[in-house]
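Okay, structure first, notes after.
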Amino acid sequence: MATVEKMPMLQMGYDKLMTQLRELKAERPLIVDAIEEARAHGDLSENAEYHAAKERQGQVEATISDLEDKLSRAQIIDPKSLSGDKIVFGATVTLLDEDDKAVKYQIVGQAEADAKLGMISYNSPLGRALIGRTVGEDVEVSVPAGDKFYQVEKIAFI
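Counted from 1, the sequence shown has number 260 at position 149 by my numbering; the numbering is strictly sequential.
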């Protein structure tokens, strides 16, 4: 029997997925109306509106299914409940780059990852390289732009 892999995420990521799911479910009746209206125009083989509405319906249903799957496997982690001296999911990490410039990242799930906001997925190259590290450790990471080097300066659970 296959085990269902849990999907760690912060409450913020869970809420974001729930909002997307509610919006898509609210769009369902509008798509059905668009299909009915397009169907009323006659010949479906040359009806672009009908085909566009059916395509959108397929996209929405696939996304709803994906979101429901992610939400059913969600394991919500509160970083404030964590502690320790190692980097784990939910930790906020301050790193020094090669120029001794401080950069700060929080290790999050794929649903809430946004590098511009300093939130990196635990599955990203940097996220994987950081998990399990402690303050003072050097981290080398291979990214598409080349190899990057960091030193772990601080680990916080906020």
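For every residue, glycine included, the Cβ atom is placed at its ideal position computed from N, Cα and C.
Note that the structure is a prediction, hence the values are computed from the model and not measured.
C-beta contact flag for residue i and residue j at 7 Å
i, j, result
"Gln168", "Ile142", "yes"
"Gly124", "Gly229", "no"
"Ile231", "Ala224", "yes"
Residues near residue i by beta carbon distance below 7 Å, same chain, minus five either side
i, result
"Met112", "With a pLDDT of 48 at Met112, under the threshold of 50, the predicted position of this residue should be treated as unreliable, and no value is reported."
"Thr174", "Leu135"
"Ala185", "Met118, Met120, Tyr125"
"Val214", "Leu206, Asp208"
"Glu116", "Arg184"
"Ala222", "Met120, Gly124, Lys127, Leu128, Lys181"
"Asn158", "Ala149, His152"
Candidates the options, of which the one nearest residue i by Cα
i, options, result
"Pro190", "Ser235, Leu155, Arg244, Gly201", "Gly201"
"Asp196", "Ala240, Gly247, Met123, Ile187", "Gly247"
"Gly243", "Arg133, Arg150, Ile198", "Ile198"
"Glu172", "Arg150, Pro140, Ile187", "Pro140"
"Val254", "Leu237, Ala267, Arg150, Val115", "Leu237"
"Lys227", "Tyr216, Leu178, Ser235, Ala159", "Tyr216"
"Asp211", "Glu264, Ala137, Ile269, Asp144", "Glu264"
Residues near residue i by beta carbon distance below 6 Å, same chain, minus five either side
i, result
"Gln262", "Leu207, Asp249"
"Ala267", "Thr203"
"Lys165", "none"
"Ile187", "Gln122, Tyr125"
"Ser100", "Residue 100 is absent from the model: the chain starts at 112 and stops at 269."
Neighbourhood of residue i by C-beta, 8 Å cutoff - its chain only, sequence neighbours within 5 removed
i, result
"Tyr161", "Ile146, Ala149, Arg150, His152, Leu155"
"Ala129", "Note that residue 129 is Met in the sequence shown, not Ala. So the qualifying residues of the chain are Leu182."
"Asp258", "Glu251, Val252"
"Leu178", "Leu128, Gln131, Leu132, Leu135"
"Ser194", "Phe268"
Checklist entry - At which residue ranges does the segment 142-230 contain complete beta strand (DSSP E) runs of 3 or more residues, listed in the order of the chain? => result 185-187, 203-207, 213-219
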